[in-house]
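In this note's numbering, the protein residues as written are 55 to 459. Don't be surprised by glycine CBs; every beta carbon is placed ideally from N, CA and C.
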């Protein structure tokens, strides 16, 4: 069975995602679509709007045959580490190719870019260091360094979010010498950060979340931009738990964590660098909500996304030592979130050759990553538990993979 891998967040799954799944299957001529999906917290440093189980269900009803989790240690990282973790998992699952969305829609520019960056690595590193010393953010430093190297605009731009991830997927595959073909589907209509939902049937996930939150959970305005099954699952989640997840839901917990922690404890949190622990302490008490605090906290050097990832690690008490232990060791397991009969058939074909356990029961997980994943699930569910849904705390530990017939 031929397989194509996709790396996703589905926050939530919308019409653009459904289009990508259709194109990925058709372009690769694959029998099976294998998705690696971020869990409770995402790459831009924010909680998923609904749980990974509901998002996995959306995926299985929209063209995915097998869906596994991208663990927290990789899902809340800069693009390079995020991509490397996801590609490692897809390689363990024996996929034949990977398909990602991009603004350019052609794979050759990504391969040229990887070769270009390899050739100019020393110059690139020096230019990035100079930019950082000048006080700009890391993403800006990378972009300025790239622009300095590429004088003739002959290489793919690294200013677009999906191009950046696509570059890192391609680089991870080439650097690791994985036997995985790379393919890309051109994004249609909505850009990654388009702020508003329009009358067009495709909208960005960012605009969909903003619409839902600004309408205080009213889903009427997004019906035309998400598949019917996504709408049903969103409505069901709202009815069951009475809320969607956003930073405002976690702000009191985050505020408490920062106020109770010492400077020394904050300094040990992953991605807390260059005295940020003092700025956290100085600004937290005066804020009444998350956005207000972020406006006071952000600087020219640190992007909103970079700070959100740091705050996610504070909320989850994720230390530098813990992250190093997880990301420098072989992957201990892959957690299966769901599959359909075709996906089950594929798993049966490859399971004898798997060199990393594919877990259907989280109770079997052991080690540092398992302890982290267990803690993350409970923290994600904690606002629901405070509203009386105590079972939500245990749900992530006890849930079995979703089986779609």
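Closest residue to residue i among the options (Cα-Cα distance)
i	options	result
residue 375	422, 386, 329	422
residue 159	240, 264, 453	240
residue 484	426, 398, 179	The question about residue 484 has no answer, for the chain in this structure spans 55 to 459.
residue 293	273, 331, 170, 305	273
residue 434	298, 353, 238	298
residue 192	345, 139, 356	356
residue 165	110, 194, 238	238
residue 81	457, 150, 295, 229	150
residue 267	295, 253, 301	301
residue 118	101, 76, 128, 156	76
Beta-carbon contacts of residue i that lie in its chain and below 6 Å, excluding the five residues immediately before and after
i	result
residue 84	56, 57, 58
residue 430	94, 126, 370
residue 368	311, 323
residue 72	116, 281
residue 446	435, 438, 439
Under 8 Å between C-beta atoms of residue i and residue j
i	j	result
residue 98	residue 359	yes
residue 249	residue 279	no
residue 407	residue 148	yes
residue 337	residue 135	no
residue 242	residue 397	no
residue 304	residue 437	yes
residue 114	residue 121	yes
residue 284	residue 68	yes
residue 386	residue 459	no
Nonlocal neighbours in the same chain, by C-beta distance under 8 Å from residue i, ignoring five residues either side
i	result
residue 198	181, 185, 190
residue 144	59, 61, 88, 90, 152, 234
residue 167	209, 210, 212, 221, 224
residue 448	none
residue 246	With a pLDDT of only 49 at residue 246, under the threshold of 50, the placement of this residue in the model should not be trusted, and no figure is reported.
residue 350	337, 340, 341
residue 317	331, 332, 335
residue 271	292, 297, 298
Contacts around residue i, its chain only, beta-carbon distance under 7 Å, and the 5 residues preceding and following it disregarded
i	result
residue 106	91, 93, 94, 123, 391
residue 219	133, 137, 154
residue 366	95, 99, 130
residue 171	178
residue 461	Lying outside 55 to 459, the shown extent of the chain, residue 461 is not represented and no answer is given.
residue 275	251, 265, 269
residue 416	389, 451
residue 453	107
CB-CB length for residue i against residue j, believed under 8 Å
i	j	result
residue 477	residue 320	It is not possible to answer for residue 477, since the shown part of the chain is limited to 55 through 459.
residue 393	residue 306	Not a contact, Cβ separation roughly 37 Å.
residue 86	residue 227	Actually they are not in contact, since the Cβ atoms of residue 86 and residue 227 sit about 19 Å apart, beyond 8 Å.
residue 361	residue 352	6 Å
residue 108	residue 291	5 Å
residue 236	residue 161	5 Å
residue 314	residue 65	Wrong, their Cβ atoms sit about 30 Å apart, outside the cutoff.
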